[in-house]
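Colleague:
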Amino acid sequence: MQNERLHTEKQKLYTQLVWNDSIYQVFSFVLTAILLLQFHYGLVPAPYSYYVQVGILILFVILFIRMQKHKNILKNYLEPTVTNTDPVLLLSGYGIDMHEYSELLLKTCSDLHNRLDAIGNHVIELNGKIHLTGKDIDRVYQIVSQLASEEVRLMEAVGKTSEEINIMFEIVNVVIAEIQSRNETMENLVSLSKDGRNKVDDTNKTIQKISESSGNILKLIDFINGVSKQTNLLAINAAIEATHSGSEGKGFTVIAEEIKNLSTVTANNAKQISKILNENVNDYKRAERLGIESGDAFQFIAGEIHVVHGTIAEVVQSIQELKSRGGAILSKAKILDDVAERVRDTSGEVYGEIVTINANLDEIQSLSDTIQKECEEIRFAQQEILGTTEVLKHKIQNIHSETDKLLSFEG
Numbered sequence: 001m002q003n004e005r006l007h008t009e010k011q012k013l014y015t016q017l018v019w020n021d022s023i024y025q026v027f028s029f030v031l032t033a034i035l036l037l038q039f040h041y042g043l044v045p046a047p048y049s050y051y052v053q054v055g056i057l058i059l060f061v062i063l064f065i066r067m068q069k070h071k072n073i074l075k076n077y078l079e080p081t082v083t084n085t086d087p088v089l090l091l092s093g094y095g096i097d098m099h100e101y102s103e104l105l106l107k108t109c110s111d112l113h114n115r116l117d118a119i120g121n122h123v124i125e126l127n128g129k130i131h132l133t134g135k136d137i138d139r140v141y142q143i144v145s146q147l148a149s150e151e152v153r154l155m156e157a158v159g160k161t162s163e164e165i166n167i168m169f170e171i172v173n174v175v176i177a178e179i180q181s182r183n184e185t186m187e188n189l190v191s192l193s194k195d196g197r198n199k200v201d202d203t204n205k206t207i208q209k210i211s212e213s214s215g216n217i218l219k220l221i222d223f224i225n226g227v228s229k230q231t232n233l234l235a236i237n238a239a240i241e242a243t244h245s246g247s248e249g250k251g252f253t254v255i256a257e258e259i260k261n262l263s264t265v266t267a268n269n270a271k272q273i274s275k276i277l278n279e280n281v282n283d284y285k286r287a288e289r290l291g292i293e294s295g296d297a298f299q300f301i302a303g304e305i306h307v308v309h310g311t312i313a314e315v316v317q318s319i320q321e322l323k324s325r326g327g328a329i330l331s332k333a334k335i336l337d338d339v340a341e342r343v344r345d346t347s348g349e350v351y352g353e354i355v356t357i358n359a360n361l362d363e364i365q366s367l368s369d370t371i372q373k374e375c376e377e378i379r380f381a382q383q384e385i386l387g388t389t390e391v392l393k394h395k396i397q398n399i400h401s402e403t404d405k406l407l408s409f410e411g
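Note that full-length UniProt numbering numbers the sequence shown so that position 214 is 214, with each residue one more than the last.
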C-alpha cells in the first residue's frame, strides 16, 4: 500500500514537471516568433535590437538550466526502482528474516527426528517387555497345566497321604511367586505406554508448529510475488520513460530489462517454493495423522495392559483361593472330595484367564508392531520434509544470489 502511494505521488510530480516544461517551451517559441517578425518588418528600433537578442539568449539559457534540473529529478525518480528490488532485503525491512525461518525449520525437523528416535527406542523396549511377558505367561500356563494334572490325580486318588497334597501346595506357591514377580513388569509396561503416548503428543505439537511455520512462509511467498509484480510494473514504466527520453534513456532501458528479468526469476522461484511448501504441509498433515494414530495405539496398549494387569490380579486371587482350599483339604480330610472338586473348578477358571491373557498379549504384540511400522513411516516422512527444507533453503539462496547480481550490475 505504501509503495503504491509513493508511486502515485511520483507519477503526479513527473506529470507536473512535463506539463510546466511544455508550457515554458510553447511560451518561449511564441515570444521568439513575435520578436523575429518584428525584426523582419523593422518594428523594433535599432538601439533595442541588441538588448532583445540578449534577453532571448538569457531566456533560452534559463529554460536549458530548468530542463537539466528536471532531468536530474527524473533520474532520481527512476533510480529508486533499481535499488529497492531485493525481496529478501524488503522482507528484512519489515522484520522478516527468510534465513531465520529456514534455519528454524531445519532445527525443528532435527528435533522431530530426535523425538522419533526416542519413540522408536521405547517401542523396541516395549516389544522386548511384551516378549518377556509372553514367555512368563507361557511358564505360568505350563505351571497351571501341571497344577490341573495334579488336581486330576488328586481327585482320582482321594484318600492318599497328604504328601501329594503338599506337592500341589508347592506348585501353587511357585505359581503365585511367578505371577507376583511379573506384576512389576506389567507396571513398567504401563509406564512405558504412558511415556510413549506423551512423546507422541509432543511430536504432534511439534508437527503442528512446523505446519503453522510453513503457512507463514507461504504468506511470505505471496508477499514476494506481490513485490515481483510491482517490480515488473516499475520496470515497464522505466522502459516507457526511457523511450520518451530518447538516446539518453538507453541506460534506463538496459536496467529496466534487468529488473524485468529479476522479477521473472523471483516469481518463478516463488512458485517453486510455494509448490515445495504445499508438499511440506501435506507431509506435515500426514505425519500428524500418523502421530495421532500412534497415540491412539499407545492409549489402547495402556488399556490392554491394565486389563492384563487386572487379569493377573484375578489369577493371583484365584490361586490364593486355591491355596486356601488346599489348606482346607489338609485340615478337613473328611471333605477332601468336595474340596478337590472346587479346586478343579478353580483350575478351570485359571486356565480360562491364562487363555485370555495370551490373547491380550497377542493383540498387544500386533499393536506394538503396528506402532513400530508407523514410527518408521513417520521417520521416512520426516526425512522427506528435511530434504524439501534443504531445497527451500537453496531456493532462497538462489533468489538472494540473483538479487546480488542485479545490485552489482547497478553499481
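Where is the CB? At the ideal position from N, CA and C, for every residue including glycine. Quick caveat, the model's predicted, so the values are computed rather than measured.
1) CB I210 to CB T108, shorter than 8 Å?
2) For A381, which option in N261, N280 and S368 has the closest C-alpha, if you only look at C-alpha atoms?
3) Between I143 and I171, what straight-line distance do the alpha-carbon atoms span, to the nearest angstrom?
4) Would you kindly work out how many angstroms separate the C-alpha atoms of I354 and E341, rounded to a whole number?
5) Among E390, R289, I137 and E258, which one has its Cα closest to the Cα of C375?
6) Would you tell me roughly how many angstroms separate the C-alpha atoms of L132 and D138, rounded to the nearest one?
7) Tell me the rounded alpha-carbon separation between H113 and I378.
8) When the Cα of N358 is compared with those of I65, K135 and N127, which residue comes out closest?
9) Whole angstroms is fine: what's the gap from residue 429's alpha carbon to T32's?
10) Between which residues of its own chain and Q365 is the CB-CB distance below 8 Å, once the five residues before and five after are set aside?
11) Within 10 angstroms of its Cβ, does T243 collect 16 or more other Cβ (buried), or is it exposed?
12) Could you round the C-beta distance between I259 and T231 to whole angstroms and report it? I think they count as a contact, below 8 Å.
13) How would you call D117, buried or exposed, if buried means at least 16 neighbouring beta carbons within 10 angstroms?
14) Looking at C-alpha atoms only, which residue of V265, E293 and L59 is the closest neighbour of Y367?
15) Does the separation of the CB atoms of N360 and V307 fall below 8 Å?
16) Would you kindly check if the distance between the Cβ of K395 and the Cβ of Q272 is under 8 Å?
17) Which residue wins for smallest C-alpha separation from E119, given the options N398, Q372 and G310?
18) Compare the C-alpha of T370 against each of T356, N198 and F300 and name the closest.
19) Determine whether the beta carbon atoms of N225 and A287 lie at a separation below 8 Å.
20) Use the C-beta contact count for V227: other C-beta atoms within 10 angstroms, 16 or more gives buried, fewer gives exposed.
21) Measuring straight from C-alpha to C-alpha, what distance separates I276 and K199?
22) Rounding to the nearest angstrom, what Cα-Cα distance links M1 and L262 in this structure?
23) Considering only the alpha carbon of each residue, which of T346, T389, V265 and N278 lies closest to S401?
24) My guess is that E321 and T356 are in contact by the Cβ rule of under 8 Å, so how many angstroms apart are they, rounded?
25) Here's the rule: buried if 16 or more other CB atoms are within 10 angstroms of the residue's CB, otherwise exposed. What is N269?
26) Taking the alpha carbon of E384 as the reference point, which residue from Q317, N278 and S145 has its own alpha carbon closest?
27) Going by the CB atoms, is the gap between D202 and R115 shorter than 8 Å?
28) Between L104, S149, I124 and S110, which lies nearest to G348 when the distance is taken from Cα to Cα?
Modeller: Looking at the coordinates:
1) For the purposes of this step, residue 210 is identified with residue 210 of the sequence shown, where counting begins at 1. For the purposes of this step, residue 108 is identified with residue 108 of the sequence shown, where counting begins at 1. Cβ distance < 8 Å, so I210 and T108 count as in contact.
2) The count along the sequence shown starts at 1 and reaches residue 381 at position 381. Minimum Cα distance to A381 is reached at N280.
3) For the purposes of this step, residue 143 is taken as the residue at position 143 of the sequence shown. For the purposes of this step, residue 171 is taken as the residue at position 171 of the sequence shown. The alpha-carbon atoms of I143 and I171 are separated by roughly 7 Å.
4) The residue given as residue 354 occupies position 354 in the sequence shown. The residue given as residue 341 occupies position 341 in the sequence shown. I354 and E341 have their C-alpha atoms roughly 20 Å apart.
5) Within the sequence shown, residue 375 is the residue found at index 375, counting from 1. When only C-alpha atoms are compared, the closest one is R289.
6) If you number the sequence shown from 1, residue 132 lands on position 132. If you number the sequence shown from 1, residue 138 lands on position 138. Counting only the Cα atoms, D138 lies some 10 Å from L132.
7) The residue given as residue 113 occupies position 113 in the sequence shown. The residue given as residue 378 occupies position 378 in the sequence shown. When rounded, the distance between both Cα atoms is 9 Å.
8) The residue labelled residue 358 in the question sits at position 358 within the sequence shown. Of the candidates I65, K135 and N127, the one whose C-alpha sits nearest the C-alpha of N358 is K135.
9) Summary: the structure shown does not reach residue 429, with the chain confined to residues 1 through 411, and so no result is reported for it.
10) Counting from one through the sequence shown, the residue named residue 365 turns up at place 365. Contacts found: N127, I130, H131 and G134.
11) For the purposes of this step, residue 243 is identified with residue 243 of the sequence shown, where counting begins at 1. Burial call: exposed.
12) Residue mapping note: residue 259 aligns to position 259 of the sequence shown, counting from 1. Residue mapping note: residue 231 aligns to position 231 of the sequence shown, counting from 1. Indeed they touch by this definition, with Cβ atoms about 6 Å apart.
13) To locate residue 117, count along the sequence shown from 1; it is residue 117. Its Cβ having fewer than 16 others within 10 Å, D117 is exposed.
14) Locating residue 367 in the sequence shown gives position 367, where the first residue counts as 1. Sequence inspection shows Leu at residue 367; the Tyr mentioned does not correspond to that position. With distances taken between Cα atoms, L367 lies closest to E293.
15) Residue mapping note: residue 360 aligns to position 360 of the sequence shown, counting from 1. Residue mapping note: residue 307 aligns to position 307 of the sequence shown, counting from 1. It is a contact, given that the beta carbons lie within the stated cut-off.
16) Residue numbering aside, residue 272 sits at position 272 when the sequence shown is read from its first letter. Residue numbering aside, residue 395 sits at position 395 when the sequence shown is read from its first letter. Yes, the pair counts as a contact, with Cβ atoms nearer than the cut-off.
17) Position 119 of the sequence shown, counting from 1, holds the residue named residue 119. The question names Glu, yet the displayed sequence has Ile at residue 119. Taking only the C-alpha atoms, the option nearest I119 is Q372.
18) Taking the sequence shown and counting its residues from 1, the one referred to as residue 370 is at position 370. Minimum Cα distance to T370 is reached at F300.
19) Against the sequence shown, residue 225 aligns to sequence position 225. Against the sequence shown, residue 287 aligns to sequence position 287. No. Outside cutoff.
20) Here residue 227 refers to the residue found at position 227 of the sequence shown. It counts as buried.
21) By 1-based counting over the sequence shown, the position of residue 276 is 276. By 1-based counting over the sequence shown, the position of residue 199 is 199. When the Cα atoms are used, I276 and K199 turn out to be separated by approximately 28 Å.
22) The count along the sequence shown starts at 1 and reaches residue 1 at position 1. The count along the sequence shown starts at 1 and reaches residue 262 at position 262. Any reading at M1 must be qualified, since the residue scores a pLDDT of 46, below 50, and its modelled position is unreliable; no value is offered.
23) By one-based count along the sequence shown, residue 401 stands at place 401. When only C-alpha atoms are compared, the closest one is V265.
24) Along the sequence shown, one-based indexing puts residue 321 at 321. Along the sequence shown, one-based indexing puts residue 356 at 356. Cβ-Cβ separation between E321 and T356: approximately 18 Å, too far for a contact (criterion under 8 Å).
25) Against the sequence shown, residue 269 aligns to sequence position 269. Classification for N269: buried.
26) One-based indexing of the sequence shown puts residue 384 at position 384. Taking only the C-alpha atoms, the option nearest E384 is N278.
27) Reading the sequence shown from its first residue, position 115 is the one you call residue 115. Reading the sequence shown from its first residue, position 202 is the one you call residue 202. It is a contact, given that the beta carbons lie within the stated cut-off.
28) The sequence position of residue 348 within the sequence shown is 348, counting from 1. Out of L104, S149, I124 and S110, S149 has the C-alpha closest to the C-alpha of G348.
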